[in-house]
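Asker: Here it is, the structure, as structure tokens.
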Amino acid sequence: MKKGLLFVSMCLLMLGAKAQDVEAPKSIGSTILEKVKEEKLSIGGYGEIHYNQQISGNTRYNGEMDVHRMVLFLGYQFNDKTSFVTEIEYEHVKELAVEQAFLNYNIRPNTSLRGGLMLVPMGIVNEYHEPTTFNGVERPSVDKYIVPTTWREIGVGVNGRLNSMPLRYQIYVMNGFNGYDGSGKLRGSDGFRKGRQKGAESTFTSPSISGKVDYYGIKGLNFGLSGYMGKTQSSAFDGLDKNDDIAETIADSTRVGISMIGADFRYKMDALQLRGQYIHSFISDVKEYNAKTGADLGKEMMGYYLEAGYDLLHGKEQSLIPFIRYENYNTHQKVASGEVANKAFDRQEWFFGLNYHLAKGAVVKADYQSTKDGNNQKRHFVNFGVGVWF
3 MKKGLLFVSM CLLMLGAKAQ DVEAPKSIGS TILEKVKEEK LSIGGYGEIH
53 YNQQISGNTR YNGEMDVHRM VLFLGYQFND KTSFVTEIEY EHVKELAVEQ
103 AFLNYNIRPN TSLRGGLMLV PMGIVNEYHE PTTFNGVERP SVDKYIVPTT
153 WREIGVGVNG RLNSMPLRYQ IYVMNGFNGY DGSGKLRGSD GFRKGRQKGA
203 ESTFTSPSIS GKVDYYGIKG LNFGLSGYMG KTQSSAFDGL DKNDDIAETI
253 ADSTRVGISM IGADFRYKMD ALQLRGQYIH SFISDVKEYN AKTGADLGKE
303 MMGYYLEAGY DLLHGKEQSL IPFIRYENYN THQKVASGEV ANKAFDRQEW
353 FFGLNYHLAK GAVVKADYQS TKDGNNQKRH FVNFGVGVWF
């Protein structure tokens, strides 16, 4: 928790700095909605192609080349208040999924209701994950293992901006992670990642609540606070006799409670670009869950990163941004009593890279990645990629 307080303090120290103007933060869905206001039907998309090569020690490793994802945006404006947004995603050429699909209804200026499959507003990259919006070939590891991106669930809620203050808000009642479908879905190595239901025949046992507030009233700075609270879903409750207390107790051991908090900032001052993020998850009933499922889920998960970049072509049509990022994340930050934390799940990473934006919406990327875990096991990678967003 001390690391989290330090992170937030660093964010607040930046509040008085002089920088360039920024607008209210816009998610992917908001960007599409702006397009569909201009035309009935709006089409867009983004894509990433990657090459990842491990170069550790004297061992030879094959590299991996992958059309990581290709995504098609579609939006339709029914009238001045009602619109629909969806994203269809292919991953690794063979996996088809729906990333977003929600109906948006403007109840008044700057305020709308949404219902359907939506991104959970946690951190930066879960909402803003097109390849031209972040530095580095791959998305930050904190957003892969701790958030976990891309995290979306079916739900309903309200979002908007305050007229009197520079604040954007979102609050949704949503379905949550699936913790059990006959076997445990959550584990120490990748936290909640296997529990994402993605709107695909999702199990629903009880609702979760997610929300975020973004402050953009200071030049150059976006500062966000996120929260999520709920219990995981479980197939063990399906067909359960409501009067059978013993069976209900057994079924309840297949669920855990999750409280997740996050803080993030994005800051620009001329050519200088800074960003950072802190996420902390508190998980209850872990000992019972692990005993029932044989999993090794931790009691707390924590991750943060800090990043700095500098646009060497600032003010020109193209951008050339060398950057450095430090990440620290641990899916066994704390474990249940009587269990032992796995040091391999406590990881630190350094990234040194270069992003060359050939045009708005087209980028070429390269970076060097160095990873060390709590056992002092080290791995090194070089990564290359191209990305587009239109």
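So the sequence shown is numbered by the working numbering: it starts at 3 and just counts up by one.
Every residue, glycine too, gets a C-beta built ideally from N, C-alpha and C.
1) In the DSSP assignment, what are the bridge partners of Y92?
2) Around the Cβ of D247, are there at least 16 other Cβ atoms within 10 angstroms (buried) or fewer (exposed)?
3) On a CA-only basis, which of R110, I156 and G229 is nearest Y280? Give me that one, please.
4) Just how far apart, CA to CA, sit D192 and Y78?
5) Taking only the alpha-carbon atoms, compute the straight-line gap between Q199 and V258 and give it to the nearest angstrom.
6) Would you report the Cα separation of P168 and S204, rounded to the nearest angstrom?
7) For E93 and N245, I'd like the C-alpha separation in whole angstroms.
8) What's the C-alpha gap between F2 and N332?
9) What did DSSP end up calling F386 once you bin it into helix, strand or coil?
10) Span of the alpha helix (DSSP H) holding D287?
11) Sorted by chain position, which residues of the same chain lie with C-beta nearer than 6 Å to A346's C-beta, five sequence neighbours on each side aside?
12) Less than 8 Å between CB atoms is the rule here; does Y182 satisfy it with respect to chain C?
13) Is the beta carbon of F75 sitting closer than 8 Å to the one on G49?
14) What is the DSSP secondary structure of G77, reduced to helix, strand or coil?
15) How do the region 111-127 and the region 156-174 stand: do at least 3 beta-carbon pairs fall below 8 Å, yes or no?
16) Whose C-alpha, out of R154, F80 and G278, is nearest the C-alpha of F325?
17) Considering only the alpha carbon of each residue, which of I57, L105 and L188 lies closest to G296?
18) What's the gap between the Cα of M231 and the Cα of F194?
19) Any heavy atom of the ligand ADP closer than 7 Å to the beta-carbon of G222?
20) In chain order, what are the residue ranges of uninterrupted beta strand (DSSP E) at least 3 long that sit wholly in the region 163-213?
21) My output table needs one value for K146: the three-state DSSP class, helix, strand or coil.
22) To which residues of the same chain is L7 closer than 8 Å at the C-beta, ignoring the five residues directly before and after it?
23) Along the chain, where does the alpha helix (DSSP H) containing I252 start, and where does it finish?
24) T333 bridges to which residues according to DSSP?
25) Using DSSP with H/G/I as helix, E/B as strand and the rest coil, what is S236?
26) Are the region 213-229 and the region 260-273 in contact at 8 Å, needing three or more beta carbon pairs?
27) Under 7 Å Cβ to Cβ from L315, same chain only, skipping five residues before and after it: list those, please.
28) Would you check if the distance between the CB atom of S283 and the CB atom of E302 is smaller than 8 Å?
29) Using the C-alpha atoms, what's the distance from G162 back to T373?
30) Hey, could you find the ends of the beta strand (DSSP E) R349 is sitting in?
31) Just the C-alpha distance for L223 and V127, rounded to the nearest angstrom, thanks.
32) Rounded to whole angstroms, what's the CA-CA distance from Y107 to G157? Just pull it up for me.
33) For R110, count neighbouring C-beta atoms within 10 Å of its own C-beta (all shown protein chains included) and say buried if the count is 16 or more, exposed if not.
34) Does DSSP put A19 in a helix, a strand or coil?
Answerer: Reading from the atomic positions:
1) To locate residue 92, count along the sequence shown from 1; it is residue 90. As a beta-bridge residue in DSSP terms, Y92 pairs with M72 and L98.
2) Locating residue 247 in the sequence shown gives position 245, counting from the first residue. Answer is exposed; the Cβ neighbour count stays below 16.
3) Stepping through the sequence shown from its first residue, residue 280 is reached at position 278. Ranking the options by Cα distance to Y280, first place goes to G229.
4) The residue given as residue 192 occupies position 190 in the sequence shown. The residue given as residue 78 occupies position 76 in the sequence shown. Those two C-alpha atoms are separated by around 36 Å.
5) For the purposes of this step, residue 199 is identified with residue 197 of the sequence shown, where counting begins at 1. For the purposes of this step, residue 258 is identified with residue 256 of the sequence shown, where counting begins at 1. CA-CA distance, Q199 to V258, rounds to 16 Å.
6) To locate residue 168, count along the sequence shown from 1; it is residue 166. To locate residue 204, count along the sequence shown from 1; it is residue 202. Whole-angstrom Cα-Cα distance: 36 Å.
7) Stepping through the sequence shown from its first residue, residue 93 is reached at position 91. Stepping through the sequence shown from its first residue, residue 245 is reached at position 243. If you take the alpha carbons of E93 and N245, they lie about 45 Å apart.
8) There is no way to answer for residue 2, as the model of the chain reaches only from 3 to 392.
9) As a position in the sequence shown, residue 386 is number 384, starting the count at 1. F386: strand per DSSP, three-state reduction.
10) Position 285 of the sequence shown, counted from the first residue, corresponds to residue 287. First-last for D287: undefined, no H or E at that position.
11) Within the sequence shown, numbered from 1, the residue matching residue 346 stands at position 344. So the qualifying residues of the chain are D375 and N377.
12) The structure shown contains no chain C; it holds only a single protein chain.
13) Taking the sequence shown and counting its residues from 1, the one referred to as residue 75 is at position 73. Taking the sequence shown and counting its residues from 1, the one referred to as residue 49 is at position 47. No, the pair does not count as a contact, with Cβ atoms beyond the cut-off.
14) Counting from one through the sequence shown, the residue named residue 77 turns up at place 75. Of the three classes helix, strand and coil, the one that applies to G77 here is strand, per DSSP.
15) Result yes; three or more Cβ-Cβ pairs closer than 8 Å.
16) On the sequence shown, position 323 is the one that residue 325 refers to. Of the residues R154, F80 and G278, the one whose Cα lies closest to the Cα of F325 is G278.
17) As a working mapping, residue 296 is identified with position 294 in the sequence shown. Nearest of I57, L105 and L188 to G296, Cα basis: L188.
18) As a working mapping, residue 231 is identified with position 229 in the sequence shown. As a working mapping, residue 194 is identified with position 192 in the sequence shown. Distance between M231 and F194, taken at the CA atoms: about 14 Å.
19) Summarising the ligand content, the structure contains no ligands, and the ligand ADP is consequently not present.
20) 169-176 and 180-182
21) One-based indexing of the sequence shown puts residue 146 at position 144. Three-state result, K146: helix.
22) Locating residue 7 in the sequence shown gives position 5, counting from the first residue. Only weak support exists for where L7 lies, its pLDDT of 46 falling under 50; the value from the coordinates is given anyway. Annotation for L7: no residue places its beta carbon closer than 8 Å to its own, counting only its chain and skipping 5 residues before and after.
23) Residue mapping note: residue 252 aligns to position 250 of the sequence shown, counting from 1. Start and end: D247 to D254.
24) Translated into the one-based positions of the sequence shown, residue 333 becomes position 331. Partner(s): none; T333 has no beta bridge.
25) As a position in the sequence shown, residue 236 is number 234, starting the count at 1. S236 falls in the strand class under three-state DSSP.
26) yes
27) Here the question's residue 315 lines up with position 313 in the sequence shown. For L315, where only same-chain residues beyond five positions count, the Cβ hits under 7 Å are S321 and L322.
28) Within the sequence shown, numbered from 1, the residue matching residue 283 stands at position 281. Within the sequence shown, numbered from 1, the residue matching residue 302 stands at position 300. The answer is yes: Cβ separation under 8 Å.
29) The residue labelled residue 373 in the question sits at position 371 within the sequence shown. The residue labelled residue 162 in the question sits at position 160 within the sequence shown. One C-alpha to the other measures close to 39 Å.
30) For the purposes of this step, residue 349 is taken as the residue at position 347 of the sequence shown. Segment D348 to A361, the beta strand (DSSP E) holding R349.
31) Taking the sequence shown and counting its residues from 1, the one referred to as residue 223 is at position 221. Taking the sequence shown and counting its residues from 1, the one referred to as residue 127 is at position 125. As the crow flies, the alpha-carbon of L223 is around 16 Å from that of V127.
32) Here the question's residue 107 lines up with position 105 in the sequence shown. Here the question's residue 157 lines up with position 155 in the sequence shown. Rounded to whole angstroms, Y107 to G157 spans 14 Å at the Cα level.
33) Translated into the one-based positions of the sequence shown, residue 110 becomes position 108. Counting of Cβ neighbours within 10 angstroms places R110 among the exposed residues, the total staying below 16.
34) Looking up residue 19 in the sequence shown gives position 17. Below a pLDDT of 50, predicted positions are generally treated as unreliable, and A19, at 39, falls in that range; no measurement from the model is reported.
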